[in-house]
């Protein structure tokens, strides 16, 4: 419900981090990692512009809640272990 | 202590006396000596502050925003292209309600490349939600920085302010300046204590997303704050005068306007020259006056209306031009006058762009012209002064 201007703080303040905003919904292609080919170089992790890749034992795990499917990780991967696959179905 | 200093040193010492805690800046002509002096004061330990050298003006303002959000009193200075590079984050500073104080050494925008005085850089920031104070002397620069912190940080305002020095005319010209005692400044300006600030143990997001159902209410609050700033400026200046024994004329400084037939309205250092011209005209029996637009934001609409009720003609001098419209001071003055009880003849004079001198002779010709068009009862909207190739001779 809209609050009166008098009830509002000077500027909007949120107590939840922006990770609560799920922003992966507009993705049309998704990165799929072939872990067997991964050299653990972490270049995909460094290049992801949205910090949507985390590393587990040096291997990338894509956070699809935030990944927008830009394809930079697949483009940069020297081992060519990431391919972009069309989102289909649900 | 009475001393001699440039406008830029007046800015640096103003920030020092106000006890700025974080200074982030990037050097640009003709602002550089402000930042050099502050870096020097921090390096020698005379000023206890964090000095953050950054790689651009956008980053300078971003650093000030972050530090101010964490509860520090911040200061920066810039000029011209530096100011316009900051444009995006200037709006963040005001929207986040951060009372940052900055000096802008007003300089022309390129091309054509120029390092000299012109108000286009400052005027182009008029909608950013920053207060803007145009200064006419180095003393005023120093005093206004100290006063600005008090206005900006007061409850009900919480907005940033820009102190504007004319490039070279003030920035690099030495004048006598009275440096107030630190203890007196401390008694006038208490430490910055915001109601809400960013704290390590209490994470919060500032300036987060709001939907269309709530955005306008935040904007309305900022509009109210700028309105409140108008009265606060007057109150703070009165307090300043009680402690330091001087003031600089409120939002609209009137000089010999009370019985004037025509008045010249102008902002910045040219106003000081124009006062001498007013005296010369008065000595010859011509009733002219000067109104110095000291605050451009908030604009002194009521003061201009009251002035307009006293006079028959108003000449408005702009040291910049809004392409496709007219001088920005002119359009504001004319808008104020429209809703007043009396509408005098108003004419816009565009002069002094890119550091072109506005000499006493040129100001005299402007007074003569406004006297003539006022007698005739009508004026052309805008006249460009002293442009080679135009029929009228100004030299």
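Chains as they are written, first to last, in this note's numbering: chain A, 27 to 116; chain B, 328 to 722.
Glycine included, each C-beta is placed from N, C-alpha and C at the ideal position.
Quick caveat, the model's predicted, so the values are computed rather than measured.
Query	Result
Closest to residue 586 of chain B by C-alpha separation, out of B/438, B/609, B/574, would be which residue?	B/609
Taking the alpha carbon of residue 518 of chain B as the point to measure from, which residue in B/493, B/536, B/481 has its own alpha carbon closest?	B/481
Cutting at 7 Å between CB atoms, please list the residues of its own chain near residue 107 of chain A, excluding the five before and the five after it.	59, 60, 63, 64
Under three-state DSSP, which class holds residue 547 of chain B?	helix
Tell me, please, which residues DSSP counts as bridged to residue 711 of chain B.	B/677
Is the region 494-506 of chain B in contact with the region 428-448 of chain B, if contact means three or more CB pairs nearer than 8 Å?	yes
Given a limit of 8 Å on CB to CB distance, which residues of the region 73-102 of chain A reach chain B?	none
Tell me, to the nearest whole angstrom, how far the beta carbon of residue 679 of chain B is from that of residue 646 of chain B; I am working on the premise that it is less than 8 Å.	5 Å
Whether or not the region 435-453 of chain B and the region 690-700 of chain B are in contact is what I'm after, with contact meaning three or more pairs of Cβ atoms, one per stretch, closer than 8 Å; do they touch?	no
By the criterion of Cβ-Cβ separation under 9 Å, what are the contact partners of residue 39 of chain A in chain B?	523, 531, 532, 533, 534, 535
How would you call residue 595 of chain B, buried or exposed, if buried means at least 16 neighbouring beta carbons within 10 angstroms?	buried
Along the chain, where does the alpha helix (DSSP H) that runs through residue 69 of chain A open and close?	69-73
In chain A, which residues lie less than 8 Å from residue 555 of chain B when you measure between Cβ atoms?	What residue 555 of chain B touches in chain A: nothing, since even the nearest Cβ is about 13 Å away.
Please list, in chain order, the chain B residues whose beta carbon lies closer than 8 Å to that of residue 28 of chain A.	540, 541, 544
Could you check whether the Cβ of residue 422 of chain B sits closer than 8 Å to any Cβ belonging to chain A?	yes
In chain B, which residues lie with their C-beta within 7 Å of the C-beta of residue 51 of chain A?	Under the 7 Å cutoff, chain B gives no residues; its nearest Cβ is about 16 Å from residue 51 of chain A.
Nearest to residue 571 of chain B by CA position, among B/335, B/465, B/473, B/661, is which residue?	B/473
Could you check whether the Cβ of residue 448 of chain B sits closer than 7 Å to any heavy atom belonging to the ligand NAP?	This structure simply doesn't include the ligand NAP, nor any ligand for that matter.
Taking 8 Å as the CB-CB cut-off, is residue 547 of chain B touching chain A?	yes
Would DSSP call residue 500 of chain B helix, strand or coil?	coil
What residues from chain A crowd round residue 485 of chain B, counting only those whose CB sits closer than 8 Å?	36
Could you check which residue in B/597, B/330, B/401, B/397 has the C-alpha nearest to that of residue 349 of chain B?	B/401
For residue 80 of chain A versus residue 48 of chain A, is the C-beta distance shorter than 8 Å?	no
The beta strand (DSSP E) that contains residue 459 of chain B, what's its start and end?	458-461
Please report the residue range of the beta strand (DSSP E) in which residue 519 of chain B lies.	Looking at the DSSP string, residue 519 of chain B is not in any beta strand (DSSP E), and its letter there is neither H nor E.
Measuring only the C-alpha atoms, how far is residue 582 of chain B from residue 618 of chain B?	6 Å
What residues of chain B sit near residue 62 of chain A, judged by a beta carbon separation below 9 Å?	Going along chain B, no residue has its Cβ under 9 Å from residue 62 of chain A, so there is no contact; the nearest lies around 40 Å.
Residue 485 of chain B to residue 668 of chain B, Cα distance in whole Å?	33 Å
Does DSSP put residue 533 of chain B in a helix, a strand or coil?	strand
Give the range of the alpha helix (DSSP H) segment to which residue 691 of chain B is assigned.	687-703
Nearest-angstrom Cα distance between residue 551 of chain B and residue 38 of chain A?	17 Å
Per DSSP, what kind of secondary structure is residue 616 of chain B in: helix, strand or coil?	strand
Expressed to the nearest angstrom, what Euclidean distance is found between the alpha-carbon atoms of residue 41 of chain A and residue 621 of chain B?	41 Å
Short check: CB of residue 591 of chain B to CB of residue 631 of chain B, under 8 Å?	no
Leaving out five residues on either side along the sequence, give the residues of the same chain with a beta carbon under 7 Å from the beta carbon of residue 113 of chain A.	53, 54, 55, 56
The beta strand (DSSP E) that contains residue 490 of chain B, what's its start and end?	488-493
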